[in-house]
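Enquirer:
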Amino acid sequence: MSKPVGFDQKVLLNHLDYTANQTKKHSRKEMYTVLDNYLRDDITGVKSRKNAITMLMKIWYRVDDELKPIRDEILEEFSQLTNEERLLVHWGLTIAAYPFFKDVSNEFGRLFQLQDEVSSKAINNRMKEAYGDRRRVEVATSAVLGSMKAWNIIQPVSKSIYTISEKIIITSSLIQSFFVQILLNVLDSDALHVDLIENHPLFFPFNCELNITELRERKSFSFYRQGVKDLVIERNPI
DNA sequence: GGCATGTACGAGAGTATATA
DNA sequence: TATATACTCTCGTACATGCC
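Note that the working numbering has the first sequence beginning at 1, numbered continuously upward.
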């Protein structure tokens, strides 16, 4: 039995922004109708539109129970967020919703730590090793790459070679808190070294130097030292 | 023409909801 | 509670397009 892929269509930022803006206003059933109307101009095929709606709902609406409190907190502030902060939020929720997207991101991040340019072929091969050698994996990988290009995360330097766009610096304590909670969730962990969080390949497009003082004030986490140098951040029980 | 890539469609399994 | 029905989600694959 091969691992499910799910993410098989390019997702645009304006679709994610719109979904986020509507999430607190409508019931689940209403959301399908609202999104269908909104996407009608961009996606003409009925089936493709339904597929896109499925993805948007999974990213923003049907989030893991553990992440709902921080998702709701983000939604309260969503209109005040900068485009860069919104991008990180979309990125984090997509990673949490789609393990395939997470694995592609992790592979990109790992390779970008070693080199300046990454070929889509290398990513494709790696995904086929993990998810099976099938056309669906090619379609999904291309959908993830297409989304990352559309979000201006990566830039093509030639036909199948990509370089990373300038890293986005994140300073807001709310967004940093979100960032840490997403990492703890997707890595299925209650505690992580601060150094590992700040340099994790999953968030390769972002530069997030944690503001420990402000994060301490948010009460969601506690900190302790492991040895002389290593600072560990731990999720507080709810 | 062959190949790669993006988009669309139909099928089927799984899940949620309505109704008796 | 059990069953029927509707809806959601994922998949394989067909088709269109562009490039070599």
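Glycine included, C-beta positions come from ideal geometry on N, C-alpha and C.
Just to confirm, is the Cβ distance from V137 to N152 under 9 Å?
Expert: No, the Cβ-Cβ distance between V137 and N152 is not below 9 Å.
Enquirer: Under 8 Å from any heavy atom of the ligand GDP, does the C-beta of I212 make it?
Expert: The ligand GDP is absent from the structure shown, which contains no ligand whatsoever.
Enquirer: Taking the C-alpha atoms as reference points, what is the distance between K58 and H26?
Expert: Each residue's Cα considered, the two are about 15 Å apart.
Enquirer: Could you check what DSSP says for D230 in three-state terms: helix, strand or coil?
Expert: Three-state DSSP puts D230 in a strand.
Enquirer: Could you have a look at S27 and say whether DSSP puts it in helix, strand or coil?
Expert: DSSP places S27 in coil when its eight states are reduced to three.
Enquirer: Roughly how many angstroms separate the alpha carbons of M31 and K24, rounded to a whole number?
Expert: If you take the alpha carbons of M31 and K24, they lie about 10 Å apart.
Enquirer: Given a threshold of 16 other Cβ atoms within 10 Å of its Cβ, counted over all protein chains shown, does P69 qualify as buried or as exposed?
Expert: P69 should be labelled exposed.
Enquirer: Please identify the residue among D17, R86, K10, D103 whose C-alpha is closest to the C-alpha of F206.
Expert: Answer by Cα proximity: R86.
Enquirer: Would you mind reading off the limits of the beta strand (DSSP E) that contains T213?
Expert: That residue, T213, is in no beta strand (DSSP E); its alpha helix (DSSP H) goes 212-217.
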